[in-house]
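Residues 3 to 313 (this note's numbering) are what the sequence shown spells out, left to right. We put the CB at the ideal spot given by N, CA and C, even for glycine. Notes for the one structure printed next.
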Amino acid sequence: MMLSRCKNENIVSLLGFCDDCEEKILVYEYVPNKSLDLYLNSDKLRWIRRLKICIGAARGLAYLHNEVGTQQRVLHRDIKSSNILLDEDWNAKISDFGLSKLGPANQEYTFLYSNPVGTHGYCDPLYAEAGFLTKESDVYSFGVVLFEVLCGRLCFENKDAGQPALIGLVRQSYENNTIEEIVYGSIKEEINPESLQVYAKIAYQCLKMKREERPLMSDVVWALETALSYQEPKSDQDANTYLPTKSPSEVTKPDPGKATHPIDIEEYASSEGGGLLVVTIHEGNDLKGKHPFVILRVGDDIKRTTVCVMN
Numbered sequence: 003m004m005l006s007r008c009k010n011e012n013i014v015s016l017l018g019f020c021d022d023c024e025e026k027i028l029v030y031e032y033v034p035n036k037s038l039d040l041y042l043n044s045d046k047l048r049w050i051r052r053l054k055i056c057i058g059a060a061r062g063l064a065y066l067h068n069e070v071g072t073q074q075r076v077l078h079r080d081i082k083s084s085n086i087l088l089d090e091d092w093n094a095k096i097s098d099f100g101l102s103k104l105g106p107a108n109q110e111y112t113f114l115y116s117n118p119v120g121t122h123g124y125c126d127p128l129y130a131e132a133g134f135l136t137k138e139s140d141v142y143s144f145g146v147v148l149f150e151v152l153c154g155r156l157c158f159e160n161k162d163a164g165q166p167a168l169i170g171l172v173r174q175s176y177e178n179n180t181i182e183e184i185v186y187g188s189i190k191e192e193i194n195p196e197s198l199q200v201y202a203k204i205a206y207q208c209l210k211m212k213r214e215e216r217p218l219m220s221d222v223v224w225a226l227e228t229a230l231s232y233q234e235p236k237s238d239q240d241a242n243t244y245l246p247t248k249s250p251s252e253v254t255k256p257d258p259g260k261a262t263h264p265i266d267i268e269e270y271a272s273s274e275g276g277g278l279l280v281v282t283i284h285e286g287n288d289l290k291g292k293h294p295f296v297i298l299r300v301g302d303d304i305k306r307t308t309v310c311v312m313n
């Protein structure tokens, strides 16, 4: 079974199955907070929690696209907010692999031809029109989810509530530089403008009509964690934050064979009165394909800080 190959904290775990006479039952881990779609317009999800949920889901999808087996990747085909489950700590877990396909992982673009399936509103228009499935089809669907989280509503048109289809509204607002006008009301005041800018930019890139212009999911993770870094406390004591466990595609990745134990600190960007540091952690030869980074926003008043490496 496809799901039995997936071992990741952001993928719902298959615990077992029953095939007794006519009964066929799959047993999954219990995820008590149900699915993300139920909380889009809930005040329970503040902006930082929304960001962390999106980061977890993005990590799960990046895992499916890059690491399931040595020669294959999983194309989910039905990424949507109702298929992102939330555990007791609000960690995101991708679920429902009933429509998923396996494709070769040793190619930059994996093209599979299949009859278009998925959920209207989330489905990649290129896939819906031609039937050519790629990992970028999942990226498009994830972009829709990102804007649902930002705007606090499902992507579907709701004539009774006077709501147009979300993605058309998003495209208009983004191109007119008025994206803040469609942010969900209860989180609008707490979003750092820089966080919103980074988040909206990567979400919009996911919706590009040319698939080659859509980002890799590892790049989406990197951007979302950057957006989170702008929301983290800036005091000396609470300056801990983090960047992705995988570097974005345009960053030169360290050679695992040359990894050394000391911590290397490189300046990534700087500005007057402060700057941005990326800390590359090299631990022996045990990187195992992962390239951890830590981001620290520093200023003249910072005397020390503590580095936290997540996962």
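Alpha-carbon spacing of residue i relative to residue j, whole angstroms
{"i": "D45", "j": "L66", "result": "31 angstroms"}
{"i": "E131", "j": "I189", "result": "36 angstroms"}
{"i": "N39", "j": "D80", "result": "As written in the sequence, residue 39 is Asp, which differs from the Asn given in the question. So the alpha carbons of these two residues sit roughly 14 angstroms apart."}
{"i": "L77", "j": "E31", "result": "22 angstroms"}
{"i": "V14", "j": "A94", "result": "9 angstroms"}
{"i": "D21", "j": "S37", "result": "27 angstroms"}
{"i": "I169", "j": "C23", "result": "46 angstroms"}
{"i": "E177", "j": "L171", "result": "10 angstroms"}
{"i": "S220", "j": "R75", "result": "14 angstroms"}
{"i": "V151", "j": "R52", "result": "7 angstroms"}
{"i": "A229", "j": "G100", "result": "32 angstroms"}
{"i": "P166", "j": "I184", "result": "12 angstroms"}
{"i": "L245", "j": "I204", "result": "Reliability fails at L245, whose pLDDT of 42 lies under 50, so the model's placement of it is uncertain and no value is given."}
{"i": "L42", "j": "I193", "result": "16 angstroms"}
{"i": "G259", "j": "S97", "result": "Residue placement at G259 is flagged as unreliable, the pLDDT there being 47, under the threshold of 50; the coordinate-derived value follows with that caveat. Approximately 35 angstroms, taken between the alpha carbons."}
{"i": "Q199", "j": "T121", "result": "28 angstroms"}
{"i": "R48", "j": "K103", "result": "34 angstroms"}
{"i": "S84", "j": "Q174", "result": "25 angstroms"}
{"i": "E159", "j": "N10", "result": "34 angstroms"}
{"i": "C125", "j": "F134", "result": "12 angstroms"}
{"i": "G286", "j": "N68", "result": "Per-residue confidence for G286 stands at a pLDDT of 39, beneath the threshold of 50, marking its modelled position as unreliable; the derived number appears in the next sentence. Each residue's alpha carbon lies about 23 angstroms from the other."}
{"i": "T180", "j": "F149", "result": "14 angstroms"}
Contact set for residue i: own chain, Cβ-Cβ below 7 angstroms, skip 5 residues either direction
{"i": "L28", "result": "L16 and F19"}
{"i": "R216", "result": "E138, V141, Y142, Q207, C208 and K210"}
{"i": "R61", "result": "N12 and V223"}
{"i": "E25", "result": "none"}
{"i": "R155", "result": "L42, N43, Q165 and L168"}
Cβ-Cβ separation, residue j to residue i (assumed contact under 8 angstroms), whole Å
{"i": "E90", "j": "P34", "result": "5 angstroms"}
{"i": "L88", "j": "I55", "result": "7 angstroms"}
{"i": "V147", "j": "I86", "result": "7 angstroms"}
Residue range of the unbroken beta strand (DSSP E) whose run includes residue i
{"i": "V185", "result": "Here V185 belongs to no beta strand (DSSP E), and DSSP marks it neither H nor E."}
{"i": "C157", "result": "Segment: none, C157 is in no beta strand (DSSP E) and carries neither H nor E."}
{"i": "I27", "result": "E25 to Y30"}
{"i": "K95", "result": "A94 to I96"}
{"i": "V76", "result": "Q74 to L77"}
{"i": "I86", "result": "I86 to L88"}
{"i": "L20", "result": "The question names Leu, but residue 20 in the sequence shown is Cys. That run of the beta strand (DSSP E) goes L16 to D22."}
The ligand MG heavy atom lying under 7 angstroms from the CB of residue i
{"i": "R155", "result": "Absent from the structure shown: the ligand MG. Ligands present: none."}
Cutoff 8 angstroms: residue i Cβ touching any chain C Cβ
{"i": "S231", "result": "No chain C appears in the structure shown, which is made up of a single protein chain."}
Segment limits, alpha helix (DSSP H) that includes residue i
{"i": "V222", "result": "M219 to S231"}
{"i": "V33", "result": "No alpha helix (DSSP H) holds V33; DSSP gives it neither H nor E."}
{"i": "G170", "result": "L168 to E177"}
{"i": "I50", "result": "W49 to N68"}
{"i": "K203", "result": "P195 to C208"}
{"i": "Y41", "result": "Segment: none, Y41 is in no alpha helix (DSSP H) and carries neither H nor E."}
{"i": "Y129", "result": "P127 to A132"}
Cβ pair residue i, residue j closer than 8 angstroms
{"i": "C157", "j": "G123", "result": "yes"}
{"i": "L226", "j": "Y201", "result": "yes"}
{"i": "E182", "j": "Y232", "result": "no"}
Cβ neighbours of residue i in the same chain (closer than 8 angstroms, five flanking residues each side left out)
{"i": "F144", "result": "A59, A60, L63, I81, C208, M219 and V222"}
{"i": "E191", "result": "none"}
Beta-carbon contacts of residue i that lie in its chain and below 6 angstroms, excluding the five residues immediately before and after
{"i": "D288", "result": "With a pLDDT of 40 at D288, under the threshold of 50, the predicted position of this residue should be treated as unreliable, and no value is reported."}
{"i": "V253", "result": "In this prediction, V253 scores a pLDDT of 40, lower than 50, which makes its location untrustworthy; no coordinate-derived value is stated."}
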